[in-house]
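K.L.:
Below is one structure. I have some questions about it.
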Amino acid sequence: MLDSRLSDTPTISDEKKSPANSQLAVSFVLHLALMLTLLGVSQWVLSTVFSPDTFFDFSNLFEINAAGRRQLLLIAFFPLALFLAWQAGHQWIGRRNLPVTWRAATMTIAAFVTFFAGMALPAYAQPYLALITGFA
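Numbered according to the numbering used here, the sequence shown spans residues 28 to 163.
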């Protein structure tokens, strides 16, 4: 009778184990890379739009010089590229079967690291840093 009760109790091997450290590290690095990419692209767009070398005349789009056309094309392309990168990254992380709490923890730590890395940006870019990190 005692043996039958012991066999019904779950053992440590039956319980859900915590994910491997390598999975957590890869998830953190991927989240960090995606957030730093978002930070870098947003700073590039900010510096491109406010650059004195670029001439944007939106009243007459045919009068934009070659550098302005190229930068407008890149500004239009980067959100699509970022969306596809984020989608692929999160699908890859989702296939690793990490629990939601571990994924949220790696994303939160990556957001804090991105925020503190962004503090090294020039002073004119830092007011947008919280918005960019919060969006990520």
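Note that beta-carbon positions come from the ideal geometry of N, C-alpha and C, so glycine has one too.
From the DSSP output, in three-state form, read off Arg97 for me.
P.N.:
Helix.
K.L.:
Specify the secondary structure class of Ser49 as computed by DSSP and reduced to three states.
P.N.:
Helix.
K.L.:
Where do the ends of the alpha helix (DSSP H) carrying Ala138 lie?
P.N.:
Element bounds for Ala138: Val127 to Gly145.
K.L.:
Pull up the distance between the alpha-carbon of Ala132 and that of Leu61, whole angstroms please.
P.N.:
Using only the alpha carbons, I get a separation of about 15 angstroms.
K.L.:
Looking at C-beta atoms only, is the number of pairs between the region 96 to 111 and the region 134 to 141 that lie closer than 8 angstroms three or more?
P.N.:
Segments in contact, no.
K.L.:
Select from Leu51, Ser69, His58 and Asn48 the residue whose C-alpha is nearest the C-alpha of Leu148.
P.N.:
Leu148 has its Cα closest to that of Ser69, out of Leu51, Ser69, His58 and Asn48.
K.L.:
Alpha carbon to alpha carbon, how far is Trp71 from Val117? Give it in angstroms, no decimals.
P.N.:
Just to set this straight, residue 117 is His in the shown sequence, not Val. Their backbone Cα atoms lie some 24 angstroms apart in a straight line.
K.L.:
Rounded to whole angstroms, what's the CA-CA distance from Ala47 to Met134? Just pull it up for me.
P.N.:
Going from the Cα of Ala47 to the Cα of Met134 covers about 17 angstroms.
K.L.:
Look at the alpha carbon of Val127 and the alpha carbon of Arg97, and state the distance between them as a whole number of angstroms.
P.N.:
Cα-Cα distance, rounded: 41 angstroms.
K.L.:
Quick one: grab the DSSP three-state call for Ser86.
P.N.:
Coil.
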